[in-house]
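Here's the structure we're looking at; comments come further down.
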Amino acid sequence: MWETVSAAVIGTSHRDLNGVCQDRCAVLCTQQGDRQWLAMFVADGAGSAPMAEVGAELAVTAALSFVESLMGRVEFGLSDNLAVELVKDVRSSIYLEASRSGHSARDYACTFLGLLSSELGTLAFQVGDGGIVIDSGDSMFVAIKPMSGIYANMTHFVTEEDAIDHLVCEFFPNIAQRAAVFSDGIQRLAINMDSNTPHEPFFSSFFDVLATIKPEKRNQLQGALESFLDSDQVNERTDDDKALALAVLRV
Amino acid sequence: MPIEVVTGKGQSLTLGRELGRGGEGSVFEIVGSKSHVAKVYHQIPDAAKQNKLVEMTRGVDDRLLRYTAWPQDLVFAKNGGHIIGFVMGSASGLTPLHEIYSPAHRKQEHPDWGWDFLVFVARNLAAAFAVLHNHGHVLGDVNQGNAFAGGDSRVVLIDCDSYQTSAGGRTHLCEVGVPHYTPPELQTLKSFASAHRTPNHDNFGLAVLIFHLLFGGRHPFAGVPLANGVGDTLEDNIRHHRYAYASNASARQIAPPPNSIPMSLVPSAMREMFERAFTEVGSQGNRPSAKEWVDALDQLRRNLKQCSKGPIHQFSAHLQSCPWCSLEQQSIVYFIALGAVGSNFALISIQDVWNAINQIPVPPDPALPLKPTIEIKAKPRPSSLVLPGAKVLGYMVLAVVVVGALMVAPKVAALWIMLGIGGWAGLANWGDDALRTERRARLTVKQAADGQYNTLVAQFRRECGSDAFVAKLKELTSLKSEFDGLPQRETQEIQKLQSTNEARQKARYLERFFIDKAGLPGIGPVKLASLRSFGIETAADVEWNRIIRLKGFGEVLTRTLVDWRKQQERGFKYNPALGVTENDRRNVRATIHGRKIEIEAKLKAGLQYLRRFNETRRQSIANHMPRLQEAFNKKAQADADFNVL
Chain H
90 MWETVSAAVI
100 GTSHRDLNGV
110 CQDRCAVLCT
120 QQGDRQWLAM
130 FVADGAGSAP
140 MAEVGAELAV
150 TAALSFVESL
160 MGRVEFGLSD
170 NLAVELVKDV
180 RSSIYLEASR
190 SGHSARDYAC
200 TFLGLLSSEL
210 GTLAFQVGDG
220 GIVIDSGDSM
230 FVAIKPMSGI
240 YANMTHFVTE
250 EDAIDHLVCE
260 FFPNIAQRAA
270 VFSDGIQRLA
280 INMDSNTPHE
290 PFFSSFFDVL
300 ATIKPEKRNQ
310 LQGALESFLD
320 SDQVNERTDD
330 DKALALAVLR
340 V
Chain G
3 MPIEVVTGKG
13 QSLTLGRELG
23 RGGEGSVFEI
33 VGSKSHVAKV
43 YHQIPDAAKQ
53 NKLVEMTRGV
63 DDRLLRYTAW
73 PQDLVFAKNG
83 GHIIGFVMGS
93 ASGLTPLHEI
103 YSPAHRKQEH
113 PDWGWDFLVF
123 VARNLAAAFA
133 VLHNHGHVLG
143 DVNQGNAFAG
153 GDSRVVLIDC
163 DSYQTSAGGR
173 THLCEVGVPH
183 YTPPELQTLK
193 SFASAHRTPN
203 HDNFGLAVLI
213 FHLLFGGRHP
223 FAGVPLANGV
233 GDTLEDNIRH
243 HRYAYASNAS
253 ARQIAPPPNS
263 IPMSLVPSAM
273 REMFERAFTE
283 VGSQGNRPSA
293 KEWVDALDQL
303 RRNLKQCSKG
313 PIHQFSAHLQ
323 SCPWCSLEQQ
333 SIVYFIALGA
343 VGSNFALISI
353 QDVWNAINQI
363 PVPPDPALPL
373 KPTIEIKAKP
383 RPSSLVLPGA
393 KVLGYMVLAV
403 VVVGALMVAP
413 KVAALWIMLG
423 IGGWAGLANW
433 GDDALRTERR
443 ARLTVKQAAD
453 GQYNTLVAQF
463 RRECGSDAFV
473 AKLKELTSLK
483 SEFDGLPQRE
493 TQEIQKLQST
503 NEARQKARYL
513 ERFFIDKAGL
523 PGIGPVKLAS
533 LRSFGIETAA
543 DVEWNRIIRL
553 KGFGEVLTRT
563 LVDWRKQQER
573 GFKYNPALGV
583 TENDRRNVRA
593 TIHGRKIEIE
603 AKLKAGLQYL
613 RRFNETRRQS
623 IANHMPRLQE
633 AFNKKAQADA
643 DFNVL
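Protein chains in written order, with this note's numbering: chain H, 90 to 340; chain G, 3 to 647.
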């Protein structure tokens, strides 16, 4: 079973502006028969989109319900096609809501990152910026090369017409011993952008806590993560919203 | 698990595999029979339905069996008295109609079926309806799924137990219908449960199916809306008679979809039949009957011809040129011409034609009128004008008077000189106003005559001059040089196949995914008919901007289609080892060969045109000359009239 924690915290620039955090994240430990599964999702609403936080919320919710129905299946493979199916569900959910409320899907623009892991392996996939870090026992690595749009400071959103084209998906044959999924708000703190490698001390401090936490202290985890994400130490480096989901496999 | 049943004739049957399952019942194989199958209802039919089946099996005859899967015998459970189903002819090996009229399905699955085949299927479909109507039955629930056809164009109608049947004065209604085959007058019905259907209602659905077959799977009511609130659904368009191909379609606020096949594909009499079937007169009970369609389609199938691309390019003989070739010029391919001819260019014969063209001298421009054919007498000066001599006399008198006065009274010489100058000036202007007015009037006449003449000369030169000859020669010269370049173009295009290999491979791959087989949420039969009407049938046709423009397809459905396409696209792996195929090369050769034949024909026709040029223009010159001479005469007269002043 994985020890998990996740939190999304508003950035200083948004706090001053409208007080709405547009990042969403979720982490779920579940079971298909007697097989354990880990699911982690992050969505980062676009600052320019009027309903971005709704989009991010819908994305994460749709992804969780996809995983729920997946657990009911007798068999499925960790494939590119599975990631496409999941992202299609996310998109469908946002498009339906947009149409229902008389908006365009682009009003809900958000990025989307996900990770599914079990003893069968680990599937990481993302549309837009943000990052996924995995450690399957040997070392920590960035699962997907950071992506951006054709211009600097431009990213892709899961709501775009051709989002499926921008979906990048990687499969790793091992279970994720330790994993982190995060939005671009903390990308700079978490990844050495030059070498595209994880900033190990940043993650180790979290992973060590999760690996050793006592059951009675579990309920303090989220609060601690939230205060860290809202600390001066973090806010000095970024004024953006930030979401971080973490998981450590405990035997 | 085999099921044992008994037929109405007391025969025991063993039912084998389930061949198909519908809402009402399942169709089973009959063990030991290839030609027959049995339909068994999920629930024992009610008394009315049992009666209907009994009457249907009683009323069956050879003509019905030729065109329909009519119930031939009842099926009872082995141990009970209830009717649980019936025996009917098998439709195995036949193709559902929508896979015949769908260009994408047909091109991939039956590339040898040309338009002639579609005309035959349409004819036999109409014949099937005619037989039904003749027996007093009405199909009712006409749709793309209840007609099948064989490779021999034989048509079989299925689902007969749902038809509206009549026997012995009793009618059993058809309680279902499919919206985009339902005529305008029934579109407002909430339910078909108590609707009495007529052959005229059927004839709407029949005309839609015939339209599908002849016009590349398009739906007659799917088009580009020309006003707001128009064309949101096919049903709405049907209800308001918005027949997109009507002769007055724009008044109906709709236009045919882009790149659709023009109605001129069929003879005007048949165009008029479609018009009757799909507009108000039809809803008033006057749609063409199934029998009328049989006759018209018989007429059409006897008057087909093919173009130089071979037997796959079949078209109605009333057309001058091949409609499939002209659609191919716009990159719209309905029928793939196979069996192309090799690239041995018969240069010699065309070189002869070319030499002959060059030997014809450029004719000189035809002569214009040289002199007037009437006697030209200038109009005399108006009598009110002062004669030139009178003025001279006046000057002389003035000179004498002034000189005399100077001699008589030299003291006031200055006065005489001033009076003299004044008199001189007065004399100089004497009569000038009248002259100027007359001159202006004659100039206007002269200018009008000049203009008239010049216009006629320009027209004459255009129609009879050598310009037309020179233009034709220029056109032929450019065709000849294109012709000479064809072998090189063929080589280049075959080389280019290599660089476009991946894109072509991908397109082929995507074409294998049919939208009508994908079961996409929200894309039901009506949406499929709309998509097909805009030429969108496979994953290869799906593009965001193409779909979002269609009425009734918002972001939600567009996303469904686009995501589905992109999902298939992700499954594509380019295989460089699957290089350029012989088929690819053959397609290039076929295109070039087609162009070669086209140019040959144009050069030959061009030679005839140039040869006959002098002859044809002689008549034309003769037609023009009287008017030209008359204008010349008028001009000469006006010139003379003006010059005299």
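All residues carry an ideal CB built from backbone N, CA and C; glycine is no exception.
For the region 189-214 of chain H, the set of residues with a beta-carbon nearer than 7 Å to any beta-carbon of chain G comprises S193, A194, in chain order. DSSP, reduced to helix, strand and coil, places N431/G within a helical segment of the structure shown. At a C-beta separation below 8 Å, L175/H has no neighbours in chain G, since its nearest C-beta there lies roughly 11 Å away. At a C-beta separation below 8 Å, W546/G has these neighbours in chain H: E250, D251. In the three-state reduction of the DSSP assignment, Y611/G falls in the helix class, which pools H, G and I. Nearest CB-CB separation between E504/G and chain H: not below the 8 Å threshold. A straight line joining the alpha-carbon of A248/G with that of E177/G spans about 31 Å. Per the coordinates, the alpha-carbon of Q490/G lies some 28 Å from the alpha-carbon of P313/G. Neighbourhood of D565/G in chain H, by CB distance below 7 Å: K177, R180, I253, in chain order. When 7 Å is used as the limit between beta carbons, V558/G is near these residues of chain H: Y184, L185, S188, in chain order. Unbroken beta strand (DSSP E) stretches of 3 residues or longer found wholly inside the region 186-229 of chain H: 201-207, 210-216, 220-224, given in chain order.
In chain order, R180, S181, Y184, A194, E250 make up the part of chain H whose C-beta sits under 8 Å from the C-beta of R561/G.
Annotation: the continuous beta strand (DSSP E) that includes R172/G extends over 172-174.
Selection E513/G, V123/G, I550/G evaluated against D543/G yields E513/G as nearest (Cα-Cα). In chain G, no part has a C-beta under 9 Å from the C-beta of D328/H; the shortest such distance is about 33 Å. Selection G61/G, G116/G, A40/G evaluated against I86/G yields A40/G as nearest (Cα-Cα). Comparing alpha-carbon positions, the option among E6/G, S266/G, A339/G lying closest to N585/G turns out to be A339/G. The beta carbon of D169/H sits closer than 8 Å to some beta carbon of chain G.
Exposed is the label assigned to V33/G, since fewer than 16 other Cβ atoms lie within 10 Å of its Cβ. Counting only unbroken stretches of 4 or more residues, the alpha helix (DSSP H) elements lying wholly within the region 66-146 of chain G are 99-103, 105-111, 117-136, in sequence order. Note that the C-beta distance between K80/G and H174/G is not below 8 Å.
R534/G carries a helical assignment under DSSP once its states are collapsed to helix, strand and coil.
Secondary structure in the region 256-325 of chain G: the beta strand (DSSP E) runs of 3 residues or longer, each lying completely within the stretch, are 306-309, 312-318 in chain order. Chain H has a Cβ within less than 8 Å of the Cβ of R572/G. The three-state secondary structure of N202/G, taken from DSSP, is helix. Going by C-alpha positions, S92/G is about 20 Å away from D143/G. Cα atoms of L204/H and R113/H: separation of roughly 15 Å, rounded to the nearest angstrom. Taking 8 Å as the cut-off, the Cβ atoms of V116/H and S95/H count as close. Inclusion of A246/G and P260/G in the CB contact set at 8 Å is not warranted, their separation being larger than that value.
Each residue's CA atom was taken as its position, placing T286/H and Y197/H some 31 Å apart.
Sequence-distant partners of I362/G (beyond 5 residues in either direction) whose C-beta falls short of 6 Å from its own C-beta, in its chain, are L612. Sequence-distant Cβ neighbours of V582/G in its own chain, meaning closer than 7 Å and more than five residues away, are L499, Q500, N503. Counting only unbroken stretches of 4 or more residues, the alpha helix (DSSP H) elements lying wholly within the region 364-413 of chain G are 390-410, in sequence order. From the listed residues R619/G, F485/G, K575/G, the smallest Cα separation to I599/G is found for F485/G. About 5 Å separates the Cβ atoms of K636/G and A451/G, confirming a contact at the 8 Å cut-off. At least one C-beta of chain H is nearer than 8 Å to the C-beta of K568/G.
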